[in-house]
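Reading through the structure tokens given below for one structure.
In this note's numbering, the protein residues as written are 837 to 1308.
Encoded structure:
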């Protein structure tokens, strides 16, 4: 199925009809097999499968009309328009059996996920994708793809759709340089002129919903969920994600939130000389957070919402659907405060039309102080206590790094059977069993959850984990 999907998307890009001027008497063409009528500008001469093999169009140029038409039919080519003004370009229209019934059934978020799977497929054909987006025709949705074939010096702009169970491509190919603004407008006008002979799908009517305030009962943290988002049940209980909100306007798009008391997960010995208030975002660097998020250097930044600074990063993960892999982007926004970890997730990036809703939510967050366990030692900090404070910070950083390693290992061993729908967010890890340890340096018996010996400070070999979370 993967090869079939990629082949249907990319086949037209590998076909180049002989660039011979052909006369067309009309600008409008009825393509019955495709179930549509399309208008081609007069600057192009056009050949279709209905062109007579005996036409002088072929014989005047020493070509076999029968061979050309047979080639069209064998390769699913229904129209080829060649520029007659001296510009080295063509428009090709192809059709094959549909992979999907109709792309209009998908939300734009799901379509962008679908389009992302094309990148690897096009590269396997020696093509480079420079950009892609979703284009909405009056009757259909298209995935619009800019590509380059450097080997053959071809630049292209393709509009791909599935309509009435047919996979249809409209592609402009340039042989004399990158696609110009004029060429972009030309192929867009061609696509806009399409009239399908069946009615378009009607989007279901979605009830409008008001904004509402969500309160985290554990921390008393509050934020406003924007209008047209609603609370949706998690598919199963999650250790680190508390709540999911689904978009009422964009099917499959979700925002997720969770809070975790990391201070409570630390052992009593690790807390000696520390206070809960010492545990906050200021103790972590961007480099620390690169390890926490599991992203490359330079991929973590800081952002401020409602006067609060957060660490943020975009993670890409692969999901499987229809036998092929899809890249799904997740925006994660994290804050450490008073011993707690707060994380917000959005099923997309800043390019999403709904990212502003995510930012509205973040700008509404109000935090309250969270009570914790009584401190074992609340005396003023001595030099030794200061050392223990920074030792505790090092323990927390190490804890976060180990979480990432464990998550990655478990995800590799647990194949994901979900689709790339943003409703998923269903990966989860489980805490390891506790093991009794002894310090390798001084032999002191350690508590099961200690990462460092509280006698000599030597780091243990124990693998610790905080939590997994629901995400794509």
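The beta-carbon is built from N, C-alpha and C at its ideal position, and this holds for glycine as well. In this text the structure is predicted, and so the values were computed from the model without any measurement.
With 16 or more other CB atoms across the displayed protein chains lying within 10 angstroms of its CB, residue 1007 is buried. Each of 888, 1052, 1166 was checked against the Cα of residue 1185, and the nearest Cα belongs to 1166.
899 is the residue among 1025, 880, 899, 930 whose C-alpha sits nearest the C-alpha of residue 889. As DSSP reads the structure, residue 998 sits in a beta bridge with 1003. Between the stretch 1055-1065 and the stretch 1081-1089, the count of Cβ pairs shorter than 8 Å is three or higher; the stretches touch. Within the stretch 875-961, complete alpha helix (DSSP H) segments of at least 4 residues are found at 892-895, 901-910, 944-952, 954-960, given in chain order. Per DSSP, residue 1054 is not a residue of any beta strand (DSSP E), being assigned neither H nor E.
A straight line joining the alpha-carbon of residue 1152 with that of residue 1163 spans about 6 Å. 986 is the residue among 1030, 986, 997 whose C-alpha sits nearest the C-alpha of residue 1009. Look at residue 1030 here: in three-state DSSP terms it is coil, with no helix or strand label.
Check the Cα spacing between residue 1195 and each of 983, 1177, 1142: the tightest is with 1142.
Judged by DSSP secondary structure, residue 1105 falls within the alpha helix (DSSP H) whose first and last residues are 1104-1107.
Residue 935 is positioned such that its CB atom lies no closer than 8 Å to that of residue 1034.
The three-state reading of DSSP puts residue 1200 in coil, since its state is none of H, G, I, E or B. Between residue 951 and residue 1014, the alpha-carbon positions lie close to 22 Å from each other. When rounded, the separation of the alpha-carbon atoms in residue 1056 and residue 870 is 58 Å. Out of 1106, 948, 1170, the CA that lies nearest to the CA of residue 997 is found in 948.
Following the DSSP letters along the chain, one finds residue 1127 inside the alpha helix (DSSP H) bounded by residues 1122-1129. Close CB contacts of residue 1172 within its chain, under the 8 Å cut and outside five residues either way in sequence, are with 1098, 1115, 1116, 1117, 1119, 1120, 1178 (chain order).
Distance from the Cα of residue 1051 is smallest, within the candidate group 1060, 943, 925, for 1060.
When the beta-carbon positions are compared, residue 1198 and residue 1170 stay at least 8 Å from each other. Shortest Cα-Cα distance from residue 1058 to any of 868, 1202, 913 involves 1202. Check the Cα spacing between residue 927 and each of 883, 1093, 1134, 1137: the tightest is with 883. For residue 980 and residue 994, the gap between their C-alpha atoms comes out near 6 Å. Taking the CA atoms as reference points, residue 1128 sits about 26 Å from residue 1082. Under the three-state reduction of DSSP output, residue 870 falls in the helix class. Beyond the five residues adjoining it in sequence on each side, residue 966 comes within less than 8 Å, by CB distance, of 982, 983, 984 in the same chain, given in chain order. Following the DSSP letters along the chain, one finds residue 1177 in no alpha helix (DSSP H) but inside the beta strand (DSSP E) bounded by residues 1176-1182. In the structure shown, the three-state DSSP call for residue 985 is strand.
Comparing alpha-carbon positions, the option among 924, 1026, 973 lying closest to residue 940 turns out to be 973. The residues 872, 873, in chain order, have a CB closer than 7 Å to that of residue 1031 in the same chain once the five nearest residues on each side in sequence are set aside. Shown here, residue 1163 sits in a strand according to DSSP, grouped into three states.
Out of 901, 978, 915, 1125, the CA that lies nearest to the CA of residue 876 is found in 915. Remark: C-beta atoms of residue 1049 and residue 1084 do not approach each other more closely than 8 Å. With a beta-carbon spacing of about 5 Å, residue 1005 and residue 930 fall inside the 8 Å limit used to define contacts. Linking residue 867 to residue 933 through their CA atoms gives a straight-line distance of about 15 Å.
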